[in-house]
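Line by line, the protein sequences are chains A and B.
So the first sequence is residues 1 to 365, counted in our numbering.
So the second sequence is residues 1001 to 1365, counted in our numbering.
C-beta atoms are modelled at their ideal positions from N, C-alpha and C, and glycine is treated no differently.
Since the structure comes first, as structure tokens, the remarks are kept for the end.
Protein chains: 2
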Amino acid sequence: MPGRKPPVTVRDVAREAGVHPGTVSRVLNPERRHLISEQTATRVEQVARELGYGVNHIARGLRTRQSSTVGVLIPDLTNPLFPPMVRGIEDELHPAGYTALLTNTDSDPQRELKGIETLTARQVDGFIIAPTETNVQRVKEMIEDGVPVVLVNRTVPRVSGFAVTPDDRRGATIAVEHLISLGHREIAHVGGPQSLSPGQDRYRAYLDIMREHGLERDAEQLVAFADAFTGGAGVAPTQELLQRGRPFTAVFAANDLLALDCIDVLRAAGLRCPQDVSVIGFNDMPFVDRFDPPLSTIRFSHYEMGRRAAELLLGQLSGDTSAPRTLVLATELVQRGSTARPPRRRQTAPRGRTRSAAATSLARG
Amino acid sequence: MPGRKPPVTVRDVAREAGVHPGTVSRVLNPERRHLISEQTATRVEQVARELGYGVNHIARGLRTRQSSTVGVLIPDLTNPLFPPMVRGIEDELHPAGYTALLTNTDSDPQRELKGIETLTARQVDGFIIAPTETNVQRVKEMIEDGVPVVLVNRTVPRVSGFAVTPDDRRGATIAVEHLISLGHREIAHVGGPQSLSPGQDRYRAYLDIMREHGLERDAEQLVAFADAFTGGAGVAPTQELLQRGRPFTAVFAANDLLALDCIDVLRAAGLRCPQDVSVIGFNDMPFVDRFDPPLSTIRFSHYEMGRRAAELLLGQLSGDTSAPRTLVLATELVQRGSTARPPRRRQTAPRGRTRSAAATSLARG
DNA sequence: ACCCTATCTGCAATCGATCGCAAAGAGGGT
DNA sequence: ACCCTCTTTGCGATCGATTGCAGATAGGGT
């Protein structure tokens, strides 16, 4: 292995340009550039370029006590929701000279806590977090300690920190209204974990709008909750819904991943989507338009969510107090193939053993 | 904003424990822990825990000249290929105390170059790069300068650096053989950019296997190249293929994204997949199994690719010279709904104006 | 000619952890 | 009692850039 190039320091540049290192530092720092005469400044810049000088962020960071680095904690990069968001964050951060340090928590409180530790040791200047409910306390502490934090996607109850979220209530309302306008009356809800704000808000909005349309009669029978927002978590609640035997012609799933599970389970029970049961999700993840059936869902911009979160954080970091603390992103309906008018004969959900019962029910219907 | 907690330094711990800062440093560094007596060591650890001490990576980095940080350059996180890979990288890096700094290049040589600069200024200890062809030279230089670099997914010709790639030739061979075994004889290829190794290798393997089966007669007529591996880039070459009028019943696309474009264009021309034309991709991106039609493709583990790349890099960083320099990942066929037996009557690709001609052709067929 | 101000640049301490060197101390052997 | 070795710990310079302070220089005014 050939030896690495000897690093060029401000001292090297200073010597070559015949000035003091301090002067070089000032020239290269836009903030202080004006303190130096145009003449020396250009000379120093010239020399710096010739020598191929580049600041050592680490050394700078030690002195200035800031790393120009931001910790980003998300559950799982592999969830299609996050890549666009992370890009939004990075696209906003980079021009400002910041870099993101990404950490996946897998929604595990332990890992989240450890991530916070690690990132803190790395002296990140702030955090962008999609929090896990269990660590509300820790996040609260951070905020109270004055650590710049922006929450994304999820919000933490009773903590008045900075946050960017989709308009969960409005989105859920639009989704359910869409189903109603198609003629559905028996609308089930595969809810997200009630410990997380999106799960809660979407569920509440569902209840409200059902009530508003006089469809609330034993609505609890039509609701089942997943214990996570991840793929696979939607299987159990959908099965539960089927087993209860309470008929429904449409499902509002708390997010796209759950909606996909839901469609799978329905299909396994012999129920086609959308002919027998309509399903609508939430998030408009990339590529769901190509799915079979193309998923109807509620859209908001994940990229924008990330970008805004980064923007808010940069505002905090620069001490700008005039910036808003909370941003709610607009949601819109995207109607695709997974929602349609309800079947002519009322669809009866199967009783007893899922599979065979479903077949029976279909035969009857 | 309440003031931040005063940071606890090794000096604080030293004072409290009645020892020298150097001693504290040694206790807390596993490498040198054995130099200190068990008694003082435990006492120091105790105090450190009480005070909530955490190393300042920045200060450490300044002294040790390493940041425990790795630069990761990828074209676009939003391309479904990359999230699993990045997770693989991070899952391997974290336990070793390293953190990834992610940069998206959008396959733009300028941005890639700038990314390398920025990351270098941040003193990353090494790089994991999915290189853009234009910067072969730069990457070569880095390697020659002794900068630890691992290439992923793409390889750089004539540079004997570390690399992890899928088995492109084998994968392509399997794909084409699959089509042949289904009964296809006229198999087109929507190729990737020939400046990138996967584009080249997959194309060559296609040619070889076609020749081997005596299907090579004017094969050039059945090949068109995309100028990128990204979504949308597959539209033009597919249209070109159609306009040439040379009949084909199957397409081997150089990756999944191109395959999707291909299916779209065919569909717009009135050709159904797989009834009229079979299409197979490469990569097995997440969720393509849910697409309409479910995409047949060649699978290799993106997660593993990332993990291995990180592993190779860590090996380099620790000066382990026994490790392999190049890893080729196994590929396998995933047969789904986008490939089927060719139609009974030979499918003739349309001539002239794409859309209407296609309809005519269908009517005839 | 002299003083004052404004502009520019040098000086040196500092951020926090690390590590080569050497001193101090403990224990063993004769 | 003395010397030698080995273990443990302290000392202080160092990594590279930044920045408060003060010195130096130039220019202007009277």
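Any heavy atom of the ligand ADP within a distance shorter than 8 Å of the CB on residue i?
i: A/Thr297; result: Of ligands this structure carries none, so the ligand ADP is not represented either.
Helix, strand or coil: how does DSSP classify residue i here?
i: A/Gly18; result: coil
i: A/Leu93; result: helix
i: B/Ile1074; result: strand
i: A/Gly36; result: Going by the sequence as given, residue 36 of chain A is Ile instead of Gly. A/Ile36: coil per DSSP, three-state reduction.
i: A/Ala100; result: strand
i: A/Phe82; result: helix
i: B/Gly1126; result: strand
i: B/Ser1068; result: coil
i: B/Arg1217; result: coil
i: B/Ala1059; result: helix
i: B/Leu1051; result: helix
i: B/Asn1153; result: coil
i: A/Ser318; result: coil
i: A/Asn283; result: strand
i: A/Arg299; result: strand
i: A/Leu196; result: coil
For residue i, I'd like the list of residues in its chain whose CB is within less than 7 Å of its CB, leaving aside the five on either flank, ordered along the chain.
i: A/Arg11; result: Pro21
i: A/Glu16; result: Val47 and Leu51
i: B/Ser1301; result: Leu1329
i: A/Asn135; result: Pro109, Glu112 and Leu113
Which residues in chain B sit within 7 Å of residue i, going by Cβ to Cβ distance?
i: A/Val86; result: Leu1077
i: A/Leu62; result: Ile1058, Ala1059 and Leu1062
Which two residues bound the contiguous alpha helix (DSSP H) that contains residue i?
i: A/Ile263; result: Asp256 to Ala268
i: B/Glu1332; result: First-last for B/Glu1332: Glu1332 to Val1334, but that is the beta strand (DSSP E), not the alpha helix (DSSP H).
i: A/Thr238; result: Val235 to Arg244
Once the 5 residues before and after residue i are set aside, which same chain residues still bring their CB inside 6 Å of it?
i: B/Arg1353; result: Confidence is the limiting factor: at B/Arg1353 the pLDDT is only 40, short of 50, which leaves the residue's position unreliable, though a coordinate-based value still follows. If we look at B/Arg1353 and ignore the five residues flanking it on each side, it has no Cβ neighbours.
i: B/Asp1284; result: Thr1297, Arg1299 and Val1334
i: B/Arg1170; result: Thr1331
i: B/Asp1219; result: Checking the displayed sequence, the identity of residue 1219 of chain B turns out to be Ala instead of Asp. Hits under 6 Å: Met1210.
i: A/Leu327; result: Val164 and Arg308
i: A/Met391; result: In the structure as shown, chain A begins at 1 and stops at 365. Residue 391 of chain A is therefore absent and cannot be evaluated.
i: B/His1178; result: Leu1333
i: B/Pro1084; result: His1302 and Tyr1303
Compare the beta carbon distance of residue i and residue j with 9 Å and say whether it is the shorter of the two.
i: B/Ile1263; j: B/His1213; result: no
i: B/Val1279; j: B/Thr1339; result: yes
i: A/Val147; j: A/Phe127; result: yes
i: B/Asp1125; j: B/Asp1106; result: no
i: B/Pro1193; j: B/Glu1112; result: no
i: A/Thr238; j: A/Val251; result: yes
i: A/Leu151; j: A/Pro131; result: yes
i: A/Pro342; j: A/Arg185; result: yes
i: A/Val164; j: A/Leu312; result: yes
i: B/Val1027; j: B/Ala1041; result: yes
i: A/Phe248; j: A/Ile187; result: yes
i: A/Gly369; j: A/Ala254; result: The shown model of chain A, from 1 to 365, leaves out residue 369 of chain A, and the question about it has no answer.
i: B/Gln1110; j: B/Ser1067; result: no
i: B/Arg1336; j: B/Leu1295; result: yes
i: A/Pro324; j: B/Thr1078; result: no
i: B/Asn1029; j: B/Leu1081; result: no
With residue i as the anchor, note down where its beta strand (DSSP E) starts and where it stops.
i: A/Glu189; result: Note that residue 189 of chain A is His in the sequence shown here, rather than Glu. Looking at the DSSP string, the run of the beta strand (DSSP E) that includes A/His189 is Ile187 to Gly191.
i: B/Leu1119; result: No beta strand (DSSP E) holds B/Leu1119; the alpha helix (DSSP H) holding it covers Pro1109 to Ala1121.
i: B/Arg1170; result: Per DSSP, B/Arg1170 belongs to no beta strand (DSSP E); it is in the alpha helix (DSSP H), Asp1168 to Ser1181.
i: B/Leu1271; result: Premise fails: B/Leu1271 is in no beta strand (DSSP E) and is neither H nor E.
i: B/Ala1253; result: Ala1250 to Ala1253
i: B/Leu1295; result: Premise fails: B/Leu1295 is in no beta strand (DSSP E) and is neither H nor E.
i: B/Ala1224; result: Val1223 to Phe1225
For residue i, collect the residues of the same chain with a Cβ closer than 8 Å to its Cβ; drop the 5 residues on either side in sequence, then sort them by chain order.
i: B/Leu1314; result: Glu1092, Leu1093, Ala1096 and Tyr1098
i: B/Ala1233; result: Ala1226, Asp1227, Leu1257, Leu1258 and Asp1261
i: A/Val139; result: Ile129, Pro131, Val149, Leu151, Val156, Val159 and Gly161
i: B/Gly1183; result: Arg1341 and Pro1342
i: A/Gln221; result: Arg244 and Arg246
I want to verify the contact list: residues of chain B whose CB lies under 9 Å from the CB of residue i, in sequence order.
i: A/Thr120; result: Gly1054
Find the residues of chain A that neighbour residue i, judging by a C-beta separation of less than 8 Å, and give them in chain order.
i: B/Gln1123; result: Asn56, His57 and Ile58
i: B/Glu1117; result: Gly54
Determine the chain A residues that contact residue i at a beta-carbon separation under 7 Å, and present them in chain order.
i: B/Ser1067; result: Ile58
i: B/Pro1083; result: Leu77, Thr78 and Pro83
i: B/Thr1099; result: Leu101 and Arg122
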